[in-house]
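These notes are about the structure you will find just below.
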Amino acid sequence: MEIQDYLRILQARWKIIAVTTVVAILGALGASLLTTPMYEASTRMFVSTSSGASVNEIYQGNLFSQQRVTSYTKLLTGENLAQRTIDKLGLDMTASALASQVKASSAPDTVLIDVKVQDSSPERARDIANALSDEFVVMARELETPERGGAPAARVVVEQQAQTPSVAVSPKTTRNLALGAAVGLLLGLALAVLRDRLDNTVKDRRTVEELAGSALIGTIPFDKERQTQQAINFAEGHSSSAESYRELRTNLQFLEVDNPPRVIVVTSSLPTEGKTTTAINIALVLAEGGQNVCLVEGDLRKPRVSKYLGVVGSVGLSSVLAGKADLDAVLQPTQYSGLTVLASGPIPPNPSELLGTETARQVLADLRGRFDYVIIDASPLLPVTDATVLTAMSDGALVIARHAETKRDQLSRAVGNLHSVGATILGTIITMTPSRGRGVYEYKYYYETDKSLPQMQQAAPAQPAVQQQPPQHQAPQPPAPQQPAPYVRDEYPSHQYGPNGGDPQEVPAYQGAPAYQGDQSQQWYGGPDHYGNEQQAGAPVPPTPRRTRRYRDDQEPWSETDAPRDHTQ
Numbered sequence: 001m002e003i004q005d006y007l008r009i010l011q012a013r014w015k016i017i018a019v020t021t022v023v024a025i026l027g028a029l030g031a032s033l034l035t036t037p038m039y040e041a042s043t044r045m046f047v048s049t050s051s052g053a054s055v056n057e058i059y060q061g062n063l064f065s066q067q068r069v070t071s072y073t074k075l076l077t078g079e080n081l082a083q084r085t086i087d088k089l090g091l092d093m094t095a096s097a098l099a100s101q102v103k104a105s106s107a108p109d110t111v112l113i114d115v116k117v118q119d120s121s122p123e124r125a126r127d128i129a130n131a132l133s134d135e136f137v138v139m140a141r142e143l144e145t146p147e148r149g150g151a152p153a154a155r156v157v158v159e160q161q162a163q164t165p166s167v168a169v170s171p172k173t174t175r176n177l178a179l180g181a182a183v184g185l186l187l188g189l190a191l192a193v194l195r196d197r198l199d200n201t202v203k204d205r206r207t208v209e210e211l212a213g214s215a216l217i218g219t220i221p222f223d224k225e226r227q228t229q230q231a232i233n234f235a236e237g238h239s240s241s242a243e244s245y246r247e248l249r250t251n252l253q254f255l256e257v258d259n260p261p262r263v264i265v266v267t268s269s270l271p272t273e274g275k276t277t278t279a280i281n282i283a284l285v286l287a288e289g290g291q292n293v294c295l296v297e298g299d300l301r302k303p304r305v306s307k308y309l310g311v312v313g314s315v316g317l318s319s320v321l322a323g324k325a326d327l328d329a330v331l332q333p334t335q336y337s338g339l340t341v342l343a344s345g346p347i348p349p350n351p352s353e354l355l356g357t358e359t360a361r362q363v364l365a366d367l368r369g370r371f372d373y374v375i376i377d378a379s380p381l382l383p384v385t386d387a388t389v390l391t392a393m394s395d396g397a398l399v400i401a402r403h404a405e406t407k408r409d410q411l412s413r414a415v416g417n418l419h420s421v422g423a424t425i426l427g428t429i430i431t432m433t434p435s436r437g438r439g440v441y442e443y444k445y446y447y448e449t450d451k452s453l454p455q456m457q458q459a460a461p462a463q464p465a466v467q468q469q470p471p472q473h474q475a476p477q478p479p480a481p482q483q484p485a486p487y488v489r490d491e492y493p494s495h496q497y498g499p500n501g502g503d504p505q506e507v508p509a510y511q512g513a514p515a516y517q518g519d520q521s522q523q524w525y526g527g528p529d530h531y532g533n534e535q536q537a538g539a540p541v542p543p544t545p546r547r548t549r550r551y552r553d554d555q556e557p558w559s560e561t562d563a564p565r566d567h568t569q
């Protein structure tokens, strides 16, 4: 794994790391609060030997004292001295328990011994330390005095008495919290890496495209509103979900420019992945773009489209396939302009066999001829074969995968079911992606409308312009004179030269120009007009079309445009 992988894991699994760290800190805090406070009292003793007269004897005595210090340190923590201390103070505890509370140490090359005693009571810790020191002085004298009598070889003196401690030495809450945070952080990182390695759900574009073998054409963010209102009102919606579906519409229209898919199946690996909601909004966003769309409720086992859109679901596709109704009778308009719904109808006992009939193929062909797009909400791929049958009759399928829910093997098996019948996979869609944190892709950028400027009413999609016919002139009106219409340069057909400077060719008139009304002051006395139409006597006279000369391929200009000619002169 590279550094980027660890950073990705940190970004994706930061909750695991945070929770683990907090739990460890809370554990350390709880342990500190539950631990009984311990107080420590300390005393110091000095070890000496009989000094000699010469330097050599003094040096030998000093080495002897240092050797004795090491031995005395062991004796101070022994059970013998602890029992003598218990007997002196009358403590209700065992010698081994008291010995475990005593610590003795000495600095190298010195004759000083530090004794520390810990106890839950500061006063008792002081008393034990002082009594222990006194008893050790007596014990050392007994050990160093020869059996036949005489001066002891070494002498121990209490140099510093123990004082009553005021601050507990344990637990050390600050240290415990720091250790808990460090341990929790390391443990959280380990759990995050392990969780990421064991996670086999789909979350990113690369994984989905590798498993499906097709491009990811859309990602739909999670929207709580879709749980109650599945259909998006695109006429008023500019949310991230609406913009995501508009991007999906654009990608869908450019999947195959020469032969764009028109009959599209929307399916998924398993239920609850958002296929029905996605199918509904794909149909709505296509209708918003001016397309005539039919939404087919192809899930004959658990239909939901009719419920979400508020149409009648008791008659529909199954009725047509069973020969109990005509297609025209079951197509239902909706409140959304450009969207027609073909409901599922009664649930049949054999949906797969019913959808695989020739009648179903003819129904889809009939819908293809009537509508620009046919969107089919099909059953999931893994539980049943209905979606596979429908996809084989259509132009292809859009496979839905739910973010962090659909497993890799499930998506792979679903795609394999489609490939086994030779069906086309148009693309994949990831639904319910997170709106924050990791998983927020580039499609989430939103360009907000400036509300301070004047707003235009919802405009209908532009329709193709209709070719205008040459003006048909009518008989003259009553003798009231009329002003001649202003001359418009592009009002009439013009001529342009053909390829490589060839003969002039007629080009259509500019469609946006107003029709010529004629000059009522001049009369036409019959005969064909300039368009070849017979005119009656008295009709207004149309001027001759201007001949506009274009530049030739050799960039040499032609002569200026000819002036319009008046045939009345």
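Sequential numbering of the sequence shown, starting at 1, is according to full-length UniProt numbering. Note that beta-carbon positions come from the ideal geometry of N, C-alpha and C, so glycine has one too. Quick caveat: nothing in here was measured; it's all calculated off a predicted structure.
Residue interval of the beta strand (DSSP E) (run including residue i)
{"i": "residue 296", "result": "293-297"}
{"i": "residue 397", "result": "396-402"}
{"i": "residue 263", "result": "263-268"}
{"i": "residue 255", "result": "Element bounds for residue 255: n/a, residue is neither H nor E."}
{"i": "residue 217", "result": "216-221"}
Rounded C-alpha distance that separates residue i from residue j
{"i": "residue 263", "j": "residue 203", "result": "28 Å"}
{"i": "residue 36", "j": "residue 117", "result": "16 Å"}
{"i": "residue 329", "j": "residue 255", "result": "33 Å"}
{"i": "residue 68", "j": "residue 28", "result": "42 Å"}
{"i": "residue 119", "j": "residue 89", "result": "14 Å"}
{"i": "residue 175", "j": "residue 221", "result": "44 Å"}
{"i": "residue 212", "j": "residue 218", "result": "14 Å"}
{"i": "residue 416", "j": "residue 258", "result": "27 Å"}
{"i": "residue 368", "j": "residue 231", "result": "23 Å"}
{"i": "residue 38", "j": "residue 171", "result": "7 Å"}
{"i": "residue 334", "j": "residue 316", "result": "14 Å"}
{"i": "residue 279", "j": "residue 233", "result": "14 Å"}
{"i": "residue 289", "j": "residue 336", "result": "12 Å"}
{"i": "residue 269", "j": "residue 402", "result": "9 Å"}
{"i": "residue 584", "j": "residue 192", "result": "Given a span of 1 to 569 for the chain in the structure shown, any question on residue 584 remains unanswerable."}
{"i": "residue 520", "j": "residue 326", "result": "Confidence is the limiting factor: at residue 520 the pLDDT is only 44, short of 50, which leaves the residue's position unreliable, though a coordinate-based value still follows. Taking the straight line joining both Cα atoms gives about 59 Å."}
{"i": "residue 265", "j": "residue 240", "result": "24 Å"}
{"i": "residue 195", "j": "residue 430", "result": "22 Å"}
{"i": "residue 65", "j": "residue 78", "result": "20 Å"}
{"i": "residue 414", "j": "residue 248", "result": "22 Å"}
{"i": "residue 42", "j": "residue 49", "result": "24 Å"}
{"i": "residue 405", "j": "residue 291", "result": "33 Å"}
{"i": "residue 409", "j": "residue 33", "result": "49 Å"}
Same chain, Cβ closer than 6 Å to residue i, neighbours up to 5 away in sequence not counted
{"i": "residue 356", "result": "389"}
{"i": "residue 442", "result": "With a pLDDT of only 41 at residue 442, under 50, the local geometry of the prediction cannot be trusted, and the value read off the model is given with reservation. Nothing meets the Cβ criterion."}
{"i": "residue 83", "result": "95"}
{"i": "residue 216", "result": "205, 208, 209, 428"}
{"i": "residue 140", "result": "156"}
Residue environment, residue i, which counts as buried when at least 16 other CB atoms sit within 10 Å
{"i": "residue 165", "result": "buried"}
{"i": "residue 242", "result": "buried"}
{"i": "residue 108", "result": "exposed"}
{"i": "residue 184", "result": "buried"}
{"i": "residue 122", "result": "buried"}
{"i": "residue 399", "result": "buried"}
{"i": "residue 393", "result": "buried"}
{"i": "residue 235", "result": "exposed"}
Own chain residues within Cβ distance below 8 Å of residue i, not counting five before or after
{"i": "residue 354", "result": "300, 318, 321, 322, 348, 360"}
{"i": "residue 19", "result": "188"}
{"i": "residue 44", "result": "112, 113, 114, 115, 158, 159, 160"}
{"i": "residue 386", "result": "298, 299, 300, 301, 351, 352, 355, 378, 379"}
{"i": "residue 76", "result": "102, 104, 113, 115, 132, 136"}
Chain C contact for residue i (CB, 9 Å cutoff)
{"i": "residue 26", "result": "In the structure shown, chain C cannot be found, because there is only a single protein chain."}
Boundaries of the alpha helix (DSSP H) in which residue i is found, first to last residue
{"i": "residue 86", "result": "79-89"}
{"i": "residue 4", "result": "3-12"}
{"i": "residue 43", "result": "Careful: residue 43 lies outside any alpha helix (DSSP H), inside the beta strand (DSSP E) at 39-49."}
{"i": "residue 410", "result": "408-420"}
{"i": "residue 331", "result": "Here residue 331 belongs to no alpha helix (DSSP H); instead the beta strand (DSSP E) covers 331-333."}
{"i": "residue 428", "result": "Unbroken run through residue 428 is the beta strand (DSSP E), 425-433; no alpha helix (DSSP H)."}
Close beta carbons around residue i, own chain, < 7 Å, minus the five adjacent residues each side
{"i": "residue 135", "result": "81, 84, 85, 88"}
{"i": "residue 311", "result": "332, 334, 341, 343"}
{"i": "residue 324", "result": "none"}
{"i": "residue 384", "result": "301, 352"}
{"i": "residue 246", "result": "285"}
{"i": "residue 99", "result": "77, 78, 79, 82"}
Along the chain, which unbroken stretches of the beta strand (DSSP E) at least 3 residues long are found entirely within the stretch 336-397? Complete beta strand (DSSP E) runs here, min 3: 339-342, 373-377.
**Item:** Complete beta strand (DSSP E) runs within the stretch 99-136 (minimum length 3 residues, chain order)
**Value:** Fully enclosed beta strand (DSSP E) runs of 3 or longer: 102-105, 112-119.
**Study point:** Complete beta strand (DSSP E) runs within the stretch 156-190 (minimum length 3 residues, chain order)
**Key:** The qualifying runs do not exist here; there are none.
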